[in-house]
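Going from the sequence shown to my numbering is simple: count from 1 and add 1162.
These notes concern the structure reproduced below.
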Amino acid sequence: MKSTLLILAFFLFGSDLLEAQNLYPVVKKNKWGYMNSEGKMVIGFKYDLAQNFHEGYASVALGNMPCLIDVNERRVIDSGIYQYVGSCSEGLVSVMDYKFNRYYLNTKGKVVLTLPKEIYDARGFCNGLARVGKKVDVVQNKFGFDISNLGYKFAYMKKDGTMATDFVFDDGDDMDNGLARFLQGTKFGLIDSNATIILEPSYEFISSFNEGLATVNKGGKFGFINTSGAEQIAPQYTYAKEFNEGLAAAEQEGKFGFIDTSGTFVIAPQYQDIRPFSEGRAAVLYQGKWAFIDAKGNYIYQPYFEEAGYFNEGLCPVKLKGKWGAIDKEGHILVPFEFENIGIFEDGLAEVIYKSINLYVNRRGEVLPKL
């Protein structure tokens, strides 16, 4: 009876099993395929290029021509039709044909938006808006003459193809949690998903938001703003990094310490460099070696490593004797020191460079895929 139920489950759900898996691009002899989280190749090495999957779809190149596939390798957008195929975002894919016309397609490969000829760049939709760009003539007066040069202006467009803003920005980010940075001249401002400018361009730099705060630079000093665009910590530091777990790295007189959301140093500036707090620990550089401290500034591991990342899923990449590995929170070596580089662990895997080849490693230190 049990085996009958298993067979029935396969026929009912077997075609959708692959859809539930995370797939990871892998290259071998200049051909790309995809493995699952166990390191098994589920899509063979046949593509000239392969991007990450987004919303169940990935842009790949076959015969050096882009197309879009789903996780079951069904070709949603065929090759030979478009010279550019973007990532799927909010159910739409930006494409460009061989006459440089731009469109948005749905996940069935059907055109749902045809963009004006003047649009030369169209990003994916985020929070209902997409950043688009057009070429413009920029006129400058030099030596008494008006000189025209090719330039670019950017705007934000709604999903129905109407413009949410005019082409008034010199650059702009994709929306992220309802906010995007934009650039006018040499200054950064903020726009929200209603296409309302909530912060006029006034900073030399604005970072992405984390824990509701973003780093800003004004006049060479760093501080923080909140998601309303108001200054929460006035620019006063030589340098500052993003908040994580309620603390942010800030530099004062050439040394780094950690501040809280009021701007007060809770761990005094004493380090040469700092990584963000994650899972209750932060890597700090002291006298040329990296150590780990807790939120009170107590050493968990003494200065020992040549380089260090930050903890995620209980593991942290560290470098020793010129090679990278990974330790757990107790300092046990779970991934041996044998890689040229290693990324942060996500979904139990980290990207690595092993013998000059881009691969993956799991929590047991096994190199994947298992070829």
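Note that CB positions come from ideal geometry on N, CA and C, so glycine has one too.
CA-to-CA distance, residue j to residue i, given in whole angstroms
i: Pro1465; j: Leu1482; result: 12 Å
i: Trp1194; j: Ile1353; result: 38 Å
i: Ile1395; j: Ala1412; result: 12 Å
i: Trp1222; j: Lys1270; result: First, the residue type needs correcting, since residue 1222 is Val and not Trp in the sequence shown. Straight-line Cα distance between these residues: approximately 16 Å.
i: Lys1190; j: Tyr1219; result: 21 Å
i: Tyr1463; j: Phe1418; result: 18 Å
i: Ser1370; j: Thr1377; result: 8 Å
i: Phe1507; j: Glu1475; result: 7 Å
i: Ile1540; j: Asn1379; result: Because the chain here runs from 1163 to 1533, residue 1540 falls outside it and cannot be looked at.
i: Phe1207; j: Pro1531; result: 12 Å
i: Ser1256; j: Glu1235; result: 19 Å
i: Arg1525; j: Leu1409; result: 28 Å
i: Val1188; j: Tyr1246; result: 21 Å
i: Lys1485; j: Ile1515; result: 10 Å
i: Gly1133; j: Gly1201; result: One cannot answer for residue 1133 here, as it falls past the ends of the chain, which runs 1163 to 1533.
i: Phe1307; j: Gly1334; result: 31 Å
i: Asp1456; j: Glu1407; result: 11 Å
i: Ala1402; j: Ile1421; result: 9 Å
i: Arg1237; j: Leu1224; result: 11 Å
i: Leu1167; j: Val1497; result: Unreliable placement is indicated for Leu1167, whose pLDDT of 30 sits below 50; no coordinate value is reported for it.
i: Arg1443; j: Thr1426; result: 19 Å
i: Tyr1472; j: Val1233; result: 31 Å
i: Asn1192; j: Cys1229; result: 18 Å
i: Ser1251; j: Glu1404; result: 26 Å
i: Phe1316; j: Glu1280; result: 12 Å
i: Asn1184; j: Leu1521; result: 15 Å
i: Gly1527; j: Pro1479; result: 12 Å
i: Lys1491; j: Gly1323; result: 50 Å
Spatial neighbours of residue i in its chain, beta-carbon cut-off 7 Å, leaving aside the 5 residues before and after
i: Val1273; result: Tyr1265 and Leu1267
i: Met1227; result: Ser1241 and Gly1242
i: Asn1214; result: Pro1187 and Ala1220
Extent of the continuous beta strand (DSSP E) run through residue i
i: Ser1364; result: Ile1359 to Tyr1365
i: Cys1288; result: Taken as a continuous stretch (DSSP letters only), Cys1288 belongs to no beta strand (DSSP E), as it is neither H nor E.
i: Gln1394; result: Glu1393 to Tyr1399
i: Arg1443; result: Careful: Arg1443 lies outside any beta strand (DSSP E) and carries neither H nor E.
i: Leu1482; result: Leu1477 to Leu1482
i: Val1274; result: Val1273 to Thr1276
i: Ile1353; result: Lys1349 to Asp1354
i: Glu1413; result: Leu1409 to Gln1414
i: Thr1377; result: Leu1375 to Lys1380
i: Asp1259; result: Leu1254 to Asp1259
i: Asn1268; result: Arg1264 to Asn1268
Presumed contact (8 Å Cβ cut-off) between residue i and residue j, rounded CB distance
i: Pro1397; j: Glu1415; result: Rounded, the Cβ-Cβ distance is 16 Å, inconsistent with contact.
i: Ser1355; j: Leu1291; result: 6 Å
i: Gly1493; j: Ser1199; result: 26 Å between Cβ atoms; not a contact.
Own chain, CB closer than 6 Å to residue i, minus 5 neighbours either side, in chain order
i: Ala1512; result: Ile1504, Gly1505 and Val1523
i: Asn1460; result: none
i: Tyr1337; result: In the sequence on display, residue 1337 carries Met and not Tyr. Correct list, in chain order: Cys1288, Asn1289, Leu1291 and Ser1355.
i: Thr1348; result: none
i: Thr1423; result: none
i: Ile1436; result: Ala1411, Phe1418 and Val1446
i: Asp1283; result: Gly1295
i: Phe1344; result: Phe1331, Gly1334, Gly1351 and Ile1353
i: Glu1500; result: Lys1485
Contact set for residue i: own chain, Cβ-Cβ below 8 Å, skip 5 residues either direction
i: Gln1346; result: Val1330, Phe1331, Asp1332 and Pro1363
i: Ala1357; result: Leu1291, Tyr1318, Ala1326 and Thr1327
i: Lys1297; result: Glu1280, Tyr1282, Leu1312, Gly1313 and Tyr1314
Any non-hydrogen atom of the ligand SAH within 7 Å of residue i CB
i: Ile1515; result: Here there are no bound small molecules, and the ligand SAH is not part of this structure.
Could you name each continuous beta strand (DSSP E) segment of 3 residues or more that falls completely within the segment 1445 to 1469, going from the start of the chain to the end?
1451 to 1455 and 1461 to 1467
Segments assigned beta strand (DSSP E), at least 3 residues, entirely inside the segment 1321 to 1347
1341 to 1346
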